[in-house]
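Chemist: When we follow my numbering, the leftmost residue of the sequence shown carries the number 39, and every step to the right adds one.
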Amino acid sequence: MDAVRPGRAAARTATEPAELAGPAELAGPAEVAPGMRPFLLRGFRFLVVGGVSAGVDVGLLALLHGVVGLRLVVATTVAFWTSLAVNFGLNRNWVFVQTRAGSVRRHAARYLAAVGLNYAATLAIVGGLVAAGVGYLVAKLAAIAVLAVGNYVLYRRWIFR
39 MDAVRPGRAA
49 ARTATEPAEL
59 AGPAELAGPA
69 EVAPGMRPFL
79 LRGFRFLVVG
89 GVSAGVDVGL
99 LALLHGVVGL
109 RLVVATTVAF
119 WTSLAVNFGL
129 NRNWVFVQTR
139 AGSVRRHAAR
149 YLAAVGLNYA
159 ATLAIVGGLV
169 AAGVGYLVAK
179 LAAIAVLAVG
189 NYVLYRRWIF
199 R
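1. Where does G73 fall in DSSP's three states?
2. Where R144 and F82 are concerned, what is the direct C-alpha to C-alpha distance, given to the nearest angstrom?
3. Quick one: residues in its chain with C-beta nearer than 8 Å to the C-beta of F84, no 5 flanking neighbours on either side, listed in chain order?
4. Are the CB atoms of V142 and V94 within a distance shorter than 8 Å?
5. Would a C-beta distance cut-off of 8 Å place L167 and A183 closer than the cut-off?
6. For my contact list, V164 and T114 are in at a C-beta cut-off of 8 Å; report their separation, rounded to the angstrom.
7. What's the call for A65, buried or exposed, on a 16-neighbour Cβ count within 10 Å?
8. Please name the residue in A180, G73, S91, A100 whose C-alpha comes closest to that of A159.
9. Kindly indicate which residue of H103, L161, R109 has the alpha-carbon position closest to the one of L185.
10. Quick one: Cα of L108 to Cα of A92, how far?
11. Determine the contact status of G157 and F118, defining contact as a CB-CB distance below 8 Å.
12. What is the DSSP secondary structure of M175, reduced to helix, strand or coil?
13. Kindly examine the ligand NAP and report whether one of its heavy atoms sits closer than 7 Å to the Cβ of L98.
14. Measuring alpha carbon to alpha carbon, tell me which of N131, W196, V105 ends up nearest L150.
15. Taking all protein chains shown into account, do 16 or more other C-beta atoms lie within 10 angstroms of the C-beta of F126, making it buried, or fewer, making it exposed?
16. From which residue to which residue does the alpha helix (DSSP H) around V133 run?
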């Protein structure tokens, strides 16, 4: 093979196997199908909103239970409902803005129905894991992770539709 300038890869011949391609040849920008871009952007935004909501939820839980000394169930409840208000507003107005049809009232009613399920699941997961010896903050993060996947589908297909 001829000498190659630093940072440039030599062109492969038609008979050279792909597995011999150097890192410079493989490190190009990822090709994304045009139809996937909105899905990926929405997914990224959903993760950002989830991170912000989780920060509010866990931070408020740590403050109320760990610093103020509120009972775990009370602190979990306050943190949960506060983070849901943040989550609803950001998801409706930033993540699913292109797909949302209908009124705030309709979206809020559907969201609150889902919240009931999320609330019960959160208490069950946090309570069960704490009873099994897991720290309450780790238990809360586990509940968030478990519920996130189902919530994305529910938000996209039903709540903000």
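Glycine included, each C-beta is placed from N, C-alpha and C at the ideal position.
Modeler: From the atom records:
1. Coil at G73, not helix or strand.
2. One C-alpha to the other measures close to 25 Å.
3. So the qualifying residues of the chain are N129, V133, Y190, Y193.
4. Cβ atoms of V94 and V142: not closer than 8 Å.
5. With contacts defined by Cβ atoms closer than 8 Å, L167 and A183 do not form a contacting pair.
6. Indeed, because the Cβ distance is near 6 Å, the residues count as touching under 8 Å.
7. At A65 the pLDDT is 48, less than 50, meaning the model places this residue with poor confidence; the figure from the coordinates comes in the next sentence. Flag for A65 reads exposed.
8. Closest option to A159, Cα to Cα, is A180.
9. For L185, the nearest C-alpha among the options comes from L161.
10. Distance between the alpha carbons of L108 and A92: 19 Å.
11. Sequence check: residue 157 is Tyr here, not Gly. Contact flag set, yes.
12. Correcting the residue type first, residue 175 is Leu in the shown sequence and not Met. Correct three-state label for L175: helix.
13. As far as ligands go, the structure on display features none, and thus does not contain the ligand NAP.
14. Considering only alpha carbons, the answer is W196.
15. With 16 or more other Cβ atoms within 10 Å, it is buried.
16. In the DSSP assignment, V133 falls outside any alpha helix (DSSP H), carrying neither H nor E.
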